[in-house]
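One structure is given here, and the rest of the page talks about it.
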Amino acid sequence: MSNPRVSNREKQAVWDAYWARKPTRVPMMLATNPRIILLNPKLNPQCISFETYFTSPEAAIEIQLDWQCYRSLVLAAYTDDPYGLPNEWNVGIDRQNVSESVFFGAPLVFRSDQVPDVKAYLDDDHRDEIFEIDIEHPLESGFYRECLDFRDKMAEAAAGRTVEGLPIRVNRYTPTGSDGPLTVAANIRGAAALTDLVLDPDYAHRLFDRIIRAAIYRVQAICCYYQDETIGVGLADDSIQLISTALYQKALLPHHRLFFDTFFPDRPRSIHLCGDAQHHFRFLCDELNVRSIDTGFPIDFAKLRRDLGPEVEILGGPPVSILLNGSTDAVYNTTRDILLSGIKEGGRFILKEANNLPPNVPEANLEAMYQACLDYGTYE
């Protein structure tokens with residue numbers, strides 16, 4: 030582990046300048062979740078599995094404490110996150126990317142050395158069963174009710190505990206993001222979610238409408254549960270990378286628009302899209318007032334900035350495959366090329382991995398990425 034070469038004061042100044050629209054350097058961050066602990070034997074010597082993590086409040090707390098400590102004392106040396114222990118530990122419910130699919134009845138699957146997954150179950154003989162599920166009261170019973178109860182058990186397990194003299198706070202459970210109607214449909218219906226678009230577009234429309242309305246009801250229920258209308262809301266839909274923009278406009282745009290118009294009627298929107306979705310970005314900005322895009326890979330950053338102009342915020346960087354398996358030179362050169370591509374025009378670029386840091390990335394590669402940011406991310 031290296032000590033940070035950039036002080037917390039300098040890092041905060043970089044972020045302050047970015048948000049003030051007077052950037053001095055491209056800020057760098059890393060998106061991570063507890064899988065970097067669970068799936069790294071060196072960081073998880075107890076070999077706690079995802080299944081145990083999902084079912085044991087004590088295990089969930091321990092893994093998230095390890096994750097937060099790793100972010101604060103290791104990864105923060107190579108990002109513009111503050112380095113050092115926090116004022117308090119924050120832990121909470123983490124259900125990876127299975128929540129919506131499990132809510133709709135998909136069986137949860139745990140595989141060795143993998144993140145949790147679901148099994149597609151909505152075959153042609155039972156495809157209408159999804160319309161019998163109560164989507165208007167998601168917190169009263171079933172998956173989300175169980176998660177709220179699990180959060181309470183975590184709070185009981187954490188009560189009175191301190192680590193390094195710091196108290197443990199168990200955050201509220203706020204599942205207010207959606208993986209998107211096509212992505213959830215693919216999870217619960219498999220490849221048929223794509224063939225439905227051609228063979229039975231009316232059913233596809235009803236299915237997507239059901240999924241997005243369930244997400245809307247869930248967000249509203251969570252805000253009501255906590256009596257807080259300021260809880261953050263988000264939308265992704267990685268599977269739209271598999272279809273053309275013309276088909277997206279016909280089949281998915283109305284459902285994305287419904288979600289955004291419900292929660293962001295008069296505000297710019299952001300969206301997260303992994304994978305090769307660049308062919309949709311200009312259309313999303315024009316039709317949905319998207320003004321911030323968290324990208325995956327592959328991305329042509331020079332073309333992306335030309336297409337979107339200087340005002341749209343873009344988050345992205347070297348593919349995680351390079352960070353995981355590439356040499357330090359490859360990481361440095363890839364990051365440098367991105368920063369010199371023209372992506373900095375307008376000062377609306379945040380450097381990060383593309384997309385979500387996998388387990389076992391060498392620290393030397395993260396250091397190379399950050400060094401390239403320091404060398405080539407400045408604004409004259």
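Each residue of the sequence shown is one higher than the last, beginning at 30 in the numbering used here.
The beta-carbon is built from N, C-alpha and C at its ideal position, and this holds for glycine as well.
Considering only C-alpha positions, which residue in the set ASN69, THR108, ALA88 and GLU39 is nearest to MET57?
THR108
Kindly indicate which three-state DSSP category SER101 falls into: helix, strand or coil?
helix
Distance, Cα to Cα, THR191 vs GLU91?
12 angstroms
Around the Cβ of GLU129, are there at least 16 other Cβ atoms within 10 angstroms (buried) or fewer (exposed)?
buried
Can you say whether GLN93 is buried or exposed, counting buried as having 16 or more other CB atoms within 10 angstroms of its CB?
buried
When burial is assigned at 16 or more other CB atoms within 10 Å of the CB, is SER207 buried or exposed?
buried
Identify the continuous beta strand (DSSP E) that holds HIS301 and give its terminal residues.
298-302
Would the region 231-239 count as touching the region 183-200 if we require 3 or more Cβ pairs under 8 angstroms?
no
For GLY338, does the count of other Cβ atoms within 10 angstroms reach 16, so buried, or fall short, so exposed?
exposed
Coarse secondary structure for ASP152, derived from DSSP in three states
coil
For ALA42, does the three-state DSSP call read helix, strand or coil?
helix
Using a Cβ-Cβ cutoff of less than 6 angstroms, which residues in the same chain neighbour SER268 once the five nearest sequence positions on both sides are dropped?
LEU211, THR212 and ALA215
Go ahead and pull the three-state DSSP assignment for ARG54.
strand
Report the residue from GLU340, VAL103, ALA331 and PRO388 whose alpha carbon sits nearest the alpha carbon of VAL349.
PRO388
Which same chain residues, not among the five before or five after TYR173, have their C-beta less than 6 angstroms away from its C-beta?
PRO167
Is the beta carbon of ILE372 less than 8 angstroms from the beta carbon of PHE330?
yes
Just how far apart, CA to CA, sit ASP295 and ASN318?
9 angstroms
Return the CA-CA distance between MET30 and VAL147, expressed in angstroms with no decimal places.
Low confidence applies to MET30: its pLDDT is 44, below 50, so where it sits in the model is not reliable, and the reading given next is rough at best. Roughly 36 angstroms between the two C-alpha positions.
Once the 5 residues before and after ASP266 are set aside, which same chain residues still bring their CB inside 6 angstroms of it?
GLY209, LEU211 and THR212
Could you check what DSSP says for ASP163 in three-state terms: helix, strand or coil?
coil
Is ARG235 helix, strand or coil by DSSP?
helix
So GLY346 and ALA383 are in contact, right, with Cβ under 8 angstroms, and what is the actual spacing, rounded?
5 angstroms
What three-state label does DSSP hand ILE260 in the structure shown?
coil
Could you name the residues of the same chain whose beta carbon sits closer than 8 angstroms to that of CYS402, not counting the 5 residues immediately before and after it, in chain order?
ARG54, VAL55, MET57, THR364, LEU368 and LEU380
Per DSSP, what are the beta-bridge partners of THR291 in this structure?
Paired residues: none, contrary to the question.
Bridge partners for THR407 per DSSP, in chain order?
ARG54
Within 8 angstroms, strictly: CB atoms of ALA99 and ALA106
Here residue 99 turns out to be Tyr, not Ala, going by the sequence shown. Result no, Cβ atoms of TYR99 and ALA106 do not sit closer than 8 angstroms.
Relative to the C-alpha of PRO33, which residue among GLY325, CYS176, GLY121 and VAL103 is closest?
VAL103
By the DSSP assignment, the alpha helix (DSSP H) with PHE378 in it spans what residues?
Taken as a continuous stretch (DSSP letters only), PHE378 belongs to no alpha helix (DSSP H), being part of the beta strand (DSSP E) at 378-380.
Between the CA atoms of SER101 and LEU419 - distance to the nearest angstrom:
No statement about residue 419 is possible, as the shown extent of the chain runs from 30 to 409 and does not include it.
With a cut-off of 8 angstroms on the beta carbons, I'd call ALA280 and ALA233 a contact; round off their distance for me.
6 angstroms
Hey, is the region 154-166 in contact with the region 120-128, meaning 3+ C-beta pairs nearer than 8 angstroms?
no
Drop a sphere of 10 angstroms on the beta-carbon of TRP96, count the other beta-carbons inside from all chains shown, and report buried for 16 or more, exposed for fewer.
buried
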